[in-house]
Structure formats: C-alpha cells, structure tokens
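In my numbering, the protein residues as written are 119 to 827.
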C-alpha cells in the first residue's frame, strides 16, 4: 500500500484552522501556485436546488483543496454541501437516501486500465464513498486508446492517474492505492475493509486468488470484459460455496498460472469468456496474438460501457437490490443491427363523432325517458346501471360488475343511479308521463329505483329538460369570478329540493385549501396500485378505443405537455418508483391548478350514508349541476379517494399504505366545507367560468333495455 497521498489526493485546508491558514499563506506566496475561487457560484447553485437544502448545509464552512500535481488551490463547498450539489442531478435515478447509503460502500479495483473507466463511473455517480486501487503498471501511449488519461500522465502509475482524476472530480472520496499492484500474498490485505471487488487485472493467478479470498470473506466480485459488453457477477456474499469463475476453469493450481504470456493465457481465457460467445473480430484477433498483434484488442468505447455496467451492478449491491450471480452481454453491435423505426403516436381526432345527434332522432316518449336516464353522469363514466322500461314504467338497477374500488359499498353507483333517476323524472315530466317514484333501500341486486308512468307534469322539472340534455362535464381551467347571492341561493335550493344540503365554498383561501386536499388525494390515487390501474383503465384514446364508456382523453382538457406526461403517468412501474420514494408531489398539480381557477366549489352533503341517502344525493348532484350550467357555469365533478369511504376500515381497504393520510384529508375537507356531524358527502363539484368542453362523454347502448308491453 502506498502512503504518499499528496501525489494523488487533494490536501483539504480549512482557513479557520491556524495550521491550515499557515499552509495557505505559504501557498499564496508561491508564484507558481494558482488560486481558483468560484465559491459564490457554487453557493448560488446550492441555494437554487429544489428543495432548498437545510440551513446547516447552506452555512457549511468551505475548504481550500490543494492539488499538488496541478500546482493549483481551489475553493470548494464543504463535504456535505459539495456532495449535495455535485450529485443533485442524480436524483431521482438515485434518491438522496440511496446516495447516503452508497457513501458507506468501499470498492476495491484491481487493474486500472479497464478499471479506470470503472473508477470514473463510480465516482461520477457517487456510487461509493471509498476506492482502493491496485496496479503496478505505468501509463503508456498505447494505453490511451482505452484509458481516459492524457499525454501529461505518461510514465505515471495507472492507479495514481485514476486517483488524481477522482480527486479532481470529488476530493471527498477516500482513495487508497497499491502502486505495486497485487500478488497472491497481498490479496488479503487489499480486501480488508472492502465491500465490493472489481477484477480488471491481466494476471490469472491474481484473478483466481482474488476470488478465493473474496469467497472466504463473503465479498461479491464483478468483472467487465469489453468484448460484446460482458459483465460477470459472482455473489460470494450470497453463495459462499459458489465455485470461482462459475466453475468453468475447475480447481486450478494458482502457482501454475503465474507469469503466463499472452498466448499461454488464451486457453484459460477462452474457457472463462466462452469461446463461442466471442465476437468474430475478437476471435479472429486471438488467432493473431504474437503473430500480427502483440495482445488482444480493446476499444475505448467498449471499455467505457464496461465501466457503466459495473457501476450499475455496484449500485444494486450497495442498495440491497436484486442482482444474481451469472453473466450478461450488452452487445452494442447486436443492438445497432436491430435498429428499427419507433412506433408512431396516434393523433387524437380533432372533432368528436356526432353520435348524440344520431341518438336523438326518432324517440318516442318512453325512449326519451330512457335516453335521458342513460345520459346521467357516473364516476369514470362506467355507467354502473341497468335501465329497463316498458309502457308502464322504468326501473334502474345496479350493475355491480361495473363497480370499482373507490365505489365503496356501491355508494358511488347509488349516486349515479340517483342522477339517472333525476334525469328520468325530468324527461317524464316533459312528456307528461310523470308518476310515482320509489327508491328501494335494500338488496343491491334488486332494482334501486322505479318510476311508474302516469300523466303528471311538474313545471320546474319540465323547464329543465333541454338543460338536462345539455349537461356535460367541463374540465377546462376557468377564470375565477364571484357568484352573486341569487346564483348561490338557486344552487342551494336545487340541492335542498332533492333532500340534500349544498356546501358552497367561495372564499379564495378555502378554495385553495380544497385544491390542496384534492391534489393530495389524487397523488394517493396514482400511488396506490389498484386505484392507479382502475384510473388509467378508465381512459379512452380515440380512434384506437371506443368512447362509449370511460373518459375520452380529449375531455381531460390537457395541453400538449400534460398529454405527453400522461404517457409516463400511465406506467405502473413509474408509480411504484415514486411510491417507494413517497414522491410524486406533482401528481395532483393539475387538480390543484384547476380548483384554484374555480369560481366556487360545491359539495353535496346528505343526511346519512344509507343507499337511499346516496340515491337522493345523486338526484341533488344532478339538480345542482343542471342549474349551474343554466347559470353559465362550467362544472367538473371531482371524486377524492376517500369520498365513499365512510369508515376507517374502508379507507384501510382502499389504500392500506395511505389510510391514515386519507382519513386526515377527509376530516380537513369536512372542516373547510362546513359539513355537519352525521352527514356524508355525495359529490364535489368544481364550478368555474370557462369555455365549452372539447367533447361530451358518450354512453353504451347495451346498458338500457326497452321492453314492449
């Protein structure tokens, strides 16, 4: 082991320390020593990080780093702040917590030709906090096809060249050198304090000894071979009885391997690398060793790829992530041979199909009632009903097969049935068929609501007929404008006439609070696998998908950037990664922004949580919605995850990981809207002043049946 650290590590000096100050003073008086001070730029960059580091990091004392081989002193941030800034662009490919764990890893690298690329990759990524480097050889001009040194490094020990590069990237990485390289006797000392072993040396006796000692200590060994991007992994930490080199060379005598020349090594090298898997260019080159070429060839790009492969494997080991023993190949030529055109994205149709106009043709009175009922809104436009009618009346039943996880106890379905019933009453009144309405508070497998046709007419209901047919969801951002007292009264009356109470929130601060609550609920929905799967399953992408159920993505009113991001948010693996980090704060931003653009938030409160209460709540929701659109307001329903989870156990079932936050969010929403004890919430409506929607949702014809009497 070499102890002359000043040859390859930076001397860190604290100006506040008297001894260090004296050294700095001496260096300043030396005209051959240059001083570089860009600390202000570093501190500005540190303060600009998101999130901003804690005060203790921002105020950390800086240091001066003296690089003797460059005759240069550089002023740098202190250790914690330096690493926070230098490694910030790793996040969240490597999280801050993972970065801290990796700092405890010490990696030993034997052989600093290919090993230089490995050390460079590990240092750049901050994939370890300590490096132990061993190589006896000096850098030659013929090495510069693959070793990222310079002509100024010629004649310098390869381990020193690598260590200097590391120090100039991060002077806080602990580096120890073995400038005499390793032999069979020094392997044990080299492995003391090492967590992961990287073998990139040429000596077969050292290779075998290194593995045997690593196996004895329970240390993993990695090796990158540049030809066809071979990565070799031996997890002796997990498999203490695993044979070295996967058993392909048998139980060889180490002494017999010492001092072998390039040609003499070839038989064993071919067994280790598997001759049948070598590239044709490498195999042909091996035939020419000692004839037309002096040794086997290596390319700089392939060596750099090997460094990246090893760094990825070290990260997995250091973070306790799965990594099996074995080998794999990242064959660049093979991938380049497989180049293909990427799939072209499907453009969304600019104009929706005019199915509504076709559906409106030639309807008799009963058909008009059925059509109106089917036009009712439902969560995710799943249409969780079966609507049947004949000349005597109409029944609306639940369709449990169309329920979702958020539809706890079919409460959301009951709200949808209530909205359908309200539409049916309006259409029946307009046709002079209004009769007795019955809500059945019992078995969800039986009809939930029935209406016997009569000859009645309700002027208020009839006046809403055209407005009911025009009712639609509008998710466009709005322009906040205050509602006047008359508008607020009309909306409240629309709810109370159906047996519900409207909590109308118009205070800007309260609206912002509601936006934050709903945004956090959306984040939880994205991060809960079942809820995420169902939410993404609701989306329809025309013209590839039918839009008779679900939500047409055009109705989301997303701009091009948001629509592109949706391609990422659809992926469960992305959500799993965000969930593991408890991240994804931006997942609810769109909801928060739209709520903040609202003129008001209307919450329909019902006196209890029985099926009848939710059906009446659905009637009230539809009534408020129709009245709001009549007043020129755009309406968007928002269903927080906790909306129909009345009991704590139900929230636990909805999202086990986030049950407690959901309960807190529910309490916060109840508080800000002024819901009373014993009440439940049927729906949250965002009311805004906005342009009309891009598309209207459609309906599936097979959810309705017309019987001929």
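Even glycine gets a Cβ: it sits at the ideal position worked out from N, Cα and C. Small disclaimer: the values here were computed from a predicted structure and weren't measured.
- Message: Taking 7 Å as the limit between beta carbons, can you name the residues of its chain near residue 311, skipping five residues before and five after?
- Response: As a working mapping, residue 311 is identified with position 193 in the chain shown. 224, listed in sequence order.
- Query: Got a sec: does the ligand FMN put a non-hydrogen atom nearer than 7 Å to the Cβ of residue 784?
  - Reply: This structure does not include the ligand FMN; it has no bound ligands of any sort.
- Message: Ignoring anything shorter than 4 residues, give me the alpha helix (DSSP H) runs that lie fully in the stretch 599-662, in order along the chain.
- Response: 603-614, 626-645, 647-655
- Cβ distance (whole Å) where residue 348 is taken to contact residue 445 below 8 Å: Against the chain shown, residue 348 aligns to sequence position 230. Against the chain shown, residue 445 aligns to sequence position 327. Right, their Cβ atoms sit about 6 Å apart.
- Item | Strand pairing of residue 296, partner residues [DSSP] | As a working note, residue 296 is residue 178 in the chain shown. Partner(s): 252.
- May I ask you to report which of helix, strand or coil DSSP gives residue 352? Locating residue 352 in the chain shown gives position 234, where the first residue counts as 1. Here residue 352 sits in strand by DSSP.
- Query: So, are the CB atoms of residue 733 and residue 557 less than 8 Å apart?
  - Reply: Indexing the chain shown from 1 puts residue 733 at position 615. Indexing the chain shown from 1 puts residue 557 at position 439. Residue 733 is a Cβ neighbour of residue 557, given a cutoff of 8 Å.
- Would you mind stating whether residue 735 and residue 536 have Cβ atoms separated by less than 8 Å? Along the chain shown, one-based indexing puts residue 735 at 617. Along the chain shown, one-based indexing puts residue 536 at 418. Contact flag set, yes.
- Task: Could you round the C-beta distance between residue 724 and residue 589 to whole angstroms and report it? I think they count as a contact, below 8 Å.
- Result: Translated into the one-based positions of the chain shown, residue 724 becomes position 606. Translated into the one-based positions of the chain shown, residue 589 becomes position 471. Their Cβ separation, rounded to whole angstroms, is 20 Å, which puts residue 724 and residue 589 out of contact at 8 Å.
- Query: Quick one: Cα of residue 346 to Cα of residue 226, how far?
  - Reply: Mapped onto the chain shown, residue 346 falls at position 228. Mapped onto the chain shown, residue 226 falls at position 108. Taking the straight line from one Cα to the other gives about 24 Å.
- Query: For residue 212, does the three-state DSSP call read helix, strand or coil?
  - Reply: Within the chain shown, residue 212 is the residue found at index 94, counting from 1. Collapsing the DSSP output to three states places residue 212 in coil.
- DSSP beta-bridge partners of residue 505: Position 387 of the chain shown, counted from the first residue, corresponds to residue 505. DSSP, once it has assigned bridges, lists 514, 822 as partnering residue 505.
- Since residue 155 sits in a beta bridge, which residues does DSSP pair it with? For the purposes of this step, residue 155 is identified with residue 37 of the chain shown, where counting begins at 1. DSSP output for residue 155 lists 193 as bridge partner(s).
- Among the residues of its own chain, which have a CB less than 8 Å from the CB of residue 190, if the five just before and after it don't count? Here residue 190 corresponds to residue number 72 of the chain shown, with the count starting at 1. Only 151, 152, 153, 154, 184 meet the Cβ criterion.
- Message: What does the alpha-carbon distance come out to for the pair residue 121 and residue 198?
- Response: In the chain shown, counting from the first residue as 1, residue 121 sits at position 3. In the chain shown, counting from the first residue as 1, residue 198 sits at position 80. Residue placement at residue 121 is flagged as unreliable, the pLDDT there being 47, under the threshold of 50; the coordinate-derived value follows with that caveat. Put simply, the backbone Cα of residue 121 is about 26 Å away from that of residue 198.
- Through-space distance from residue 441 to residue 516, alpha-carbon basis: Here residue 516 refers to the residue found at position 398 when the chain shown is read from its first residue. Here residue 441 refers to the residue found at position 323 when the chain shown is read from its first residue. Spanning the two alpha carbons is a distance of roughly 49 Å.
- Helix, strand or coil: which one does DSSP assign to residue 224? For the purposes of this step, residue 224 is taken as residue 106 along the chain shown, with counting starting at 1. Strand at residue 224.
- On the three-state DSSP scale, how would you describe residue 592? Walking along the chain shown from the start, residue 592 turns up at place 474. When DSSP states are grouped into helix, strand and coil, residue 592 belongs to the coil group.
- Query: Where in the stretch 328-415 do unbroken runs of the beta strand (DSSP E), each at least 3 residues long, occur, reported from the N-terminal end onward?
  - Reply: 339-343, 348-352
- Task: Work out the CA separation of residue 334 and residue 215 for me, nearest whole Å.
- Result: Indexing the chain shown from 1 puts residue 215 at position 97. Indexing the chain shown from 1 puts residue 334 at position 216. Put simply, the backbone Cα of residue 215 is about 31 Å away from that of residue 334.
- Message: Quick check: the stretch 780-791 against the stretch 757-766, are at least 3 beta-carbon pairs closer than 8 Å?
- Response: Short answer: they touch.
- Task: To the nearest angstrom, report how far apart residue 218 and residue 388 are at their CA atoms.
- Result: One-based indexing of the chain shown puts residue 218 at position 100. One-based indexing of the chain shown puts residue 388 at position 270. Approximately 40 Å between the Cα atoms of the pair.
- Message: Pull the bridge partners of residue 556 from the DSSP assignment, please.
- Response: Along the chain shown, one-based indexing puts residue 556 at 438. In the DSSP output, where bridge partners are listed per residue, residue 556 has 568.
- Item | Among 524, 370, 286, 229, the one whose alpha carbon lies nearest that of residue 343 | Along the chain shown, one-based indexing puts residue 343 at 225. When only C-alpha atoms are compared, the closest one is 229.
- Straight-line Cα distance separating residue 792 from residue 716: For the purposes of this step, residue 716 is taken as residue 598 along the chain shown, with counting starting at 1. For the purposes of this step, residue 792 is taken as residue 674 along the chain shown, with counting starting at 1. Cα-Cα distance, rounded: 18 Å.
- Cβ-based burial, residue 390 [other Cβ within 10 Å; buried from 16]: As a first step, residue 390 is located in the chain shown; it is residue number 272 there, counting from the start. By the C-beta density criterion, residue 390 is buried, having at least 16 other C-beta atoms within 10 angstroms.
- Message: According to DSSP, simplified to helix, strand and coil, what is residue 807?
- Response: Position 689 of the chain shown, counting from 1, holds the residue named residue 807. Residue state, collapsed to three classes: coil.
- Query: Cα separation between residue 573 and residue 606?
  - Reply: Residue mapping note: residue 573 aligns to position 455 of the chain shown, counting from 1. Residue mapping note: residue 606 aligns to position 488 of the chain shown, counting from 1. If I take the Cα positions, the gap works out to 33 Å.
- Query: Where does residue 165 land, buried or exposed, given buried means 16+ other C-beta within 10 angstroms?
  - Reply: Stepping through the chain shown from its first residue, residue 165 is reached at position 47. Per the 10 Å Cβ criterion, exposed.
- Query: Mapping DSSP to helix, strand and coil, what is residue 799?
  - Reply: As a working note, residue 799 is residue 681 in the chain shown. Correct three-state label for residue 799: strand.
- Message: Can you check which of these residues, 270, 377, 635, is closest to residue 321 by C-alpha distance?
- Response: Counting from one through the chain shown, the residue named residue 321 turns up at place 203. It is 377.
- Query: Taking just the CA atoms, how far does residue 492 sit from residue 477?
  - Reply: Along the chain shown, read from residue 1 onward, the residue named residue 477 stands at position 359. Along the chain shown, read from residue 1 onward, the residue named residue 492 stands at position 374. Caution is warranted here: a pLDDT of 47 is assigned to residue 477, below 50, making its placement in the model unreliable, and the coordinate value is therefore given only provisionally. Taking the straight line joining both Cα atoms gives about 12 Å.
- Task: With DSSP as the reference, label residue 754 as helix, strand or coil.
- Result: Counting from 1 along the chain shown, the entry for residue 754 is found at position 636. Taken through DSSP and simplified to helix, strand or coil, residue 754 comes out as strand.
- Message: With distance defined between alpha-carbon atoms, name the residue in 770, 755, 769, 764 nearest to residue 804.
- Response: As a first step, residue 804 is located in the chain shown; it is residue number 686 there, counting from the start. That would be 755, whose Cα lies nearest to the Cα of residue 804.
- Buried or exposed by the 16-neighbour rule on C-beta atoms within 10 Å, applied to residue 619: Locating residue 619 in the chain shown gives position 501, counting from the first residue. Buried.
- Going by alpha carbons, who is nearest to residue 248 out of 527, 623, 301, 294? By one-based count along the chain shown, residue 248 stands at place 130. Residue 248 has its Cα closest to that of 294, out of 527, 623, 301, 294.
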